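Let me begin by presenting the structure, written as structure tokens, before commenting on it.
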Amino acid sequence: MKELFKRTAKPGEAEANATEQAKTEHNGPLPKFTWNQGSGAADAGSPPAKVSESKKPAKLAKIPDNLWTRCPACKELIYTKELENNKKVCQKCNHHFRLKARERINLLVDEGSFEEINSNLISADPLDFVSLTEPPYPQKMAEVRQKTGLNEAVITGFGQLQGLPLGLVVCDFSFQGGSMGGVFGEKLVRLVEEAIRRRCPVLTVSASGGARMHEGLFSLMQMAKTTAAINRLGEAGLPHISLLTDPCTGGVFASYASVADIIMAEPGAFIGFAGPRIIEQITKQKLPTGFNTAEFLLEHGMVDRVIPRKELASTLEILLRLYGVASAQIANQKEASYAR
Amino acid sequence: MKELFKRTAKPGEAEANATEQAKTEHNGPLPKFTWNQGSGAADAGSPPAKVSESKKPAKLAKIPDNLWTRCPACKELIYTKELENNKKVCQKCNHHFRLKARERINLLVDEGSFEEINSNLISADPLDFVSLTEPPYPQKMAEVRQKTGLNEAVITGFGQLQGLPLGLVVCDFSFQGGSMGGVFGEKLVRLVEEAIRRRCPVLTVSASGGARMHEGLFSLMQMAKTTAAINRLGEAGLPHISLLTDPCTGGVFASYASVADIIMAEPGAFIGFAGPRIIEQITKQKLPTGFNTAEFLLEHGMVDRVIPRKELASTLEILLRLYGVASAQIANQKEASYAR
Amino acid sequence: MPGRFNVKKRLGDRANILPKIPKETEVNSVEEILPEASIPAHEPEHDQKHEKEHNSKQKPHSPAWERVLLARHIERPRTLDFIQALCDEFVELHGDRRYGDDAALVGGLARFEGRTVMVLGHQKGRNTKENILRNFGMPRAEGYRKALRLMEHAAKFKLPLLTFIDTPGAYPGKESEERGMSLAIAENLLELCRLPVPVIALVTGEGGSGGALAIGVADRMLMLENSIYSVASPEASATILWRDASQAPAAAEAMKITAPDLHKFGIIDAVIPEPPGGGHTDRPSLMITVREFLLRHLAELEQDYIGRGVEGIRAMLDARYEKYRKIGHWAELSNSKDN
Amino acid sequence: MPGRFNVKKRLGDRANILPKIPKETEVNSVEEILPEASIPAHEPEHDQKHEKEHNSKQKPHSPAWERVLLARHIERPRTLDFIQALCDEFVELHGDRRYGDDAALVGGLARFEGRTVMVLGHQKGRNTKENILRNFGMPRAEGYRKALRLMEHAAKFKLPLLTFIDTPGAYPGKESEERGMSLAIAENLLELCRLPVPVIALVTGEGGSGGALAIGVADRMLMLENSIYSVASPEASATILWRDASQAPAAAEAMKITAPDLHKFGIIDAVIPEPPGGGHTDRPSLMITVREFLLRHLAELEQDYIGRGVEGIRAMLDARYEKYRKIGHWAELSNSKDN
Ligand SMILES: [Zn+2]
Ligand SMILES: [Zn+2]
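So the protein lines, in turn, are chains A, B, C and D.
All residue numbers for the first sequence refer to this note's numbering, where the first residue is 25 and numbers rise by one.
All residue numbers for the second sequence refer to this note's numbering, where the first residue is 25 and numbers rise by one.
All residue numbers for the third sequence refer to this note's numbering, where the first residue is 7 and numbers rise by one.
All residue numbers for the fourth sequence refer to this note's numbering, where the first residue is 7 and numbers rise by one.
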């Protein structure tokens, strides 16, 4: 693929190759945009059918509990071990299963390199929230923590990718829909501030339904708070790389996740400001299949790349090296920033 | 009109008025976009019929030479004196006749205040241009100068508007289609540099077919040269106000005239990157009537206002006062510019 | 007649734009929810029987809901009314210079108490025709990009920025997605975080979610007494939380969306009192109070920061950062696995 | 086989995109002309008889026209070929984050001789399918806005900017007008005038008018020996000047569009020699030469300016200003009415 490369041959060879390969390899078309790519949903007008992979497939057919997984896109049965060896991407149809935050981190960073920070922060109840139907918010959150084994919808920390240091902010959609409340914002900001101290780039991996309702306007304000932190990261000359994964909507997509130097998205991921039902209710129009997918965003110029999961680590590595060199260039030009 | 106002009543009265008038005057719709406004051309697909007002209307009907003028939009006969008293705007259909540079300046600035600079610059022949059909470029230009009484397609100088100083760069379309060559660029840059010395805002009034072909790439480079000057004006904290008039296309529209703090356009003016025939040839599509008019640009978010000629002076006055106050604010904050 | 107003009429005007979410609809995936909202998806414990019981209950009196009705009152002054009443000169500027001009978000150069300022605000209409033109005060992406352009204009000429917030939210339509509403809002947040001029935001009516915040990251955040500011509209909140839009009054109460509540929380710097019965009942006196508040806060910012040059602007931006930095609540578990 | 090439084939490939202007068409209003061009409108002295005489004349041999054919050669290396041959790593970045992604203008982060740089360039195809995808190398407004975004990215991370110019011109279609092509080009010119990083532009093939300049305001302006750079294409120039597109070879000559001519004029800083027969005949040696030139000029800029910090960047921008400031020719009449 011409779009992204890392030279492996020696310079002389590469140039010779360039000539030889000119007719076949060069100027290939952009990644083809297929509406159904990565989702395979047949139901036009409704979002690609996403089934949480944590659900047991027992209801679909009699399958031994964990041995096999049914792909929600192509409906094929996949040997679960095989699926996990393939980074949870269906080998039949390329459907990217959702990853939990820890799975994502483990797949990405050098083994044993991840150092989590602020894992002990848990949500408070700033509104003293009174629900008509639910248990009190603190109790509800205690249940969610119990169920998920997580303390919040985001994990933050530092890791290395092929030895290159990287700050990580990774959402977990299984924790209350990856919603952003006060803890989410605080953890992100602390990570970013620490990354500035360590002079370390930041990767955010977002999967979120938006704001945490139970914290009201405090949640909305996390959009400003997290964006302000990313602004400081940029002022320090450090890059923010944003990876949008399935699903990503609302306040997360409309704040820090979109103010990034590089925005990438996983194939087939549903990414939007609003959901399709809301849009259809408002506009009385049926939405085309594939609306608000990663590929849709690429076509509309909103993301830099749609990146298959298996190419993520190598692409990040190239980017980190490129920004690392740039950072050294800037250090050499100390005080070289020009007031515009 | 709510969009633009200058308080005449005392504050207390105005507030009372505001309440009283709330139901009728407030929140009125945006200026209605009518495809035919200001042009009245019936020929869909071709640009609004513009006839140079310098042409004698004798061919249309037997009319005493200068006493009457036929409006090219509504075809009505107008008493020429009356037309001129109305700033060359048809009172029947609001068609804005093209103005020559000197007419524009005389209509705009305080009487006797205009001080032209660099009027003695004339074009050289950098390409030693060899035409198949025309006399040599220098001779051709001599003829154009003779015919128009102008030395170049642009007049530059300083004037006052209600006593407020203003740098002026005014195109004359009758001089070789208002085309931008080396003299045009040089005169604009000298005016801007002098405006920076005088700390004076700049108004450019553009009417141009684009680059002067006979000066080849030297002409194209005037796009960069003039834009660079406007950039310096901005760095000096001085505003550039751009008025686009009929017609304005090509290199002028795609350079200094579009890098302005405020962009305004005269009603019905044809303004575009390319002309409609080129677009139709390339795309094989018929263009809708009203395409690339001032109103089209407003609708597409490209200009701040479509400004009737009779409102130009008063609007400029408000803007100059607002920027003048802002400039004083900046002076008070000396060294207050923040490195971003 | 001022004072009392016709609720039915108001709802009638809005009926065709508020999302009509059938009560019995199952909300069970993130794709179905409102922007800015998270939902407790896939939680089987909330069944429909449970909800119906709630629906049949008597709804309690809600002071917050009365404020919602006042905030949305059809005769409430709109942004252009405030500009006209508060400013001596105004030139509206149009367009994002990219795609279009959005009548739901207006802005321009104005003179306020002798200063040249940039003003920005959501613009609702006062009747159906106006509301169609103004899209009920719900901007599209190009509206926020016009706002961005005008913010940059303010930065270039060092003009204080005054914003007027009054929107049900950013427009959640098809074209908003196509043209990157989320990115547009996010970029405005970023720009406001670093805008080197004083920024004062005033919620005049409805402060609806990200569409409000996109012009509301400010050094001073003011609210009119009867305005509201919420992460999602009461109706949407009720739907998301309890799958029942008719519980909007309860949601208005639970979500703490009134100016006094938010002031108590420290999110809002000041609450501007309104005449009895609401600001629309005595507009001149409302405007006098608003002018005083805006002037006082602007003068404070000028004195504290702008008079001190580059250093002052740096200090202003640092203070703005800290202001948002400290918003949020959390507790700490003792069994920390890290640090 | 390299060396000679089939002109008919080349023209066949382009025939469906070059404006087909009937020879006898009267060009008599500005609305009919090509972008960037002025015409001697309403001048009755050029009648059609006059022109037909010229058409019947024997066309002279034109070295400039041969360069035009080489510059447009279907096998000429494209921007992505240059990037692949010259850079060790490359990550293409897509989209303007506003409206769309334009395949006719590509860009991204790359490593050039140990440095991280931003690269930008027009991208033509090598067959009909590719050319449709790449719109024959004619960007739309969103292409120039992607370029603007990447320029800002370069400024943020202090990356030198290398641009590769190869376009018949910006796309003059309906959507270009709707989305503000003129403003997009103008804003890029402005950004390049103030971009605080070294900028080197290389014309590799066709430098077509404003669409080329929009990524071509640079500290160093280089041209390949057989590239061209013109205010309007030879065909358009011939139409505008003489109402006869078939006089393109004469226009190519008269307009002085070749690298050696433009170098003599001082508009171009250096001409990069090509292998005999054109760059496509020996791509490896072409790339070695290009690499040497780019490296030499970049190293000079780094040494002269970047090593000196803020002061150096100011000096670089001043030099860039002066470079363009002095382009143009004029004479002075003695009967000055002013000064
Ligand atoms: Zn599958
Ligand atoms: Zn008329």
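All residues carry an ideal CB built from backbone N, CA and C; glycine is no exception.
Quantities reported herein were computed from a predicted structural model and do not represent experimental measurements.
Bridge partner(s) assigned by DSSP for residue i
i         : result
His120(A) : Val113(A)
Ala212(C) : The question names Ala, yet the displayed sequence has Glu at residue 212(C). Its beta-bridge partners are Ile234(C).
His128(D) : Leu111(D)
Ile171(C) : Val209(C)
Nearest-angstrom Cα separation, counted from residue j out to residue i
i         : j         : result
Val226(B) : Leu215(B) : 9 Å
Phe29(B)  : Val213(B) : 33 Å
Thr287(C) : Pro281(C) : 7 Å
Glu106(A) : Ala248(A) : 42 Å
Phe299(D) : Ile278(D) : 7 Å
Pro316(C) : Lys329(C) : Residue 316(C) is actually Val in this sequence, not Pro. Near 20 Å, if we compare the C-alpha coordinates of Lys329(C) and Val316(C).
Lys152(D) : Leu230(D) : 25 Å
Glu72(D)  : Pro240(D) : 12 Å
Below-8 Å beta-carbon distance, residue i vs any chain B residue
i         : result
Ile138(D) : no
Met261(D) : yes
Glu95(C)  : yes
Gly101(C) : yes
Closer than 7 Å at the beta carbon, the chain B residues around residue i
i         : result
His335(D) : Ala148, Pro150, Gly206, Phe242
Lys162(C) : Gly258
8 Å Cβ cutoff, residue i in contact with chain A
i         : result
Arg146(D) : no
Ala192(C) : yes
Thr122(D) : yes
Lys14(D)  : Below a pLDDT of 50, predicted positions are generally treated as unreliable, and Lys14(D), at 32, falls in that range; no measurement from the model is reported.
Arg117(D) : yes
Trp248(C) : yes
Glu98(D)  : yes
Closer than 8 Å to chain C by CB, residue i
i         : result
Leu200(D) : Note that residue 200(D) is Arg in the sequence shown here, rather than Leu. It does not; no Cβ of chain C falls within 8 Å.
Glu27(B)  : yes
Leu189(D) : yes
Leu132(A) : no
Ser340(D) : no
Thr365(A) : With chain A represented from 25 up to 364, any question about residue 365(A) goes unanswered, as that position is not in the structure.
Lys34(B)  : At Lys34(B), the pLDDT of 45 sits below 50, so the modelled position is not reliable; the number obtained from the coordinates is stated separately. Lys34(B) does not count as touching chain C.
Chain F within 8 Å of residue i, Cβ atoms only
i         : result
Glu290(A) : Protein chains in the displayed structure are A, B, C and D, and chain F is not among them.
Contacts that residue i makes with chain A (C-beta to C-beta distance below 7 Å)
i         : result
Ser243(C) : Met237
CB contact check: residue i to chain D, cutoff 8 Å
i         : result
Glu365(A) : Here chain A covers residues 25 to 364 and nothing more, so residue 365(A) does not appear.
Tyr235(C) : no
Ser361(B) : For Ser361(B), the pLDDT reaches just 39, beneath the cut-off of 50, and the residue's location in the model is therefore unreliable, leaving the point undetermined.
Ile342(A) : yes
Val327(A) : yes
Amino acids of chain C, ordered along the chain, whose beta-carbon sits closer than 7 Å to that of residue i
i         : result
Thr307(A) : Gly179, Lys180
Thr251(A) : Ala192, Leu195, Leu196, Cys199
Within chain D, partners of residue i - CB distance below 8 Å
i         : result
Glu210(B) : Gly334, Trp336
Ser155(B) : Leu247, Trp248, Ala260
Where residue i meets chain C, residues with beta-carbon distance less than 9 Å
i         : result
Gly261(B) : Lys162, Phe163, Lys164
Chain C residues whose Cβ lies nearer than 8 Å to that of residue i
i         : result
Arg185(D) : Arg104, Tyr105
Contact the stretch 199-217 of chain A vs the stretch 233-240 of chain A: 3+ CB pairs below 8 Å = The stretch 199-217 of chain A makes contact with the stretch 233-240 of chain A; the number of CB pairs closer than 8 Å reaches 3 or more.
Is the number of C-beta pairs between the stretch 134-146 of chain B and the stretch 172-180 of chain B that are closer than 8 Å three or more?
-> Verdict: yes, contact present.
Quick check: the stretch 161-174 of chain D against the stretch 265-275 of chain A, are there 3 or more CB pairs under 8 Å?
-> Too few Cβ pairs lie closer than 8 Å, so no.
Any contact of the stretch 95-109 of chain A with the stretch 293-309 of chain A, i.e. 3+ C-beta pairs under 8 Å?
-> With the cut-off at 8 Å, the stretch 95-109 of chain A and the stretch 293-309 of chain A do not touch.
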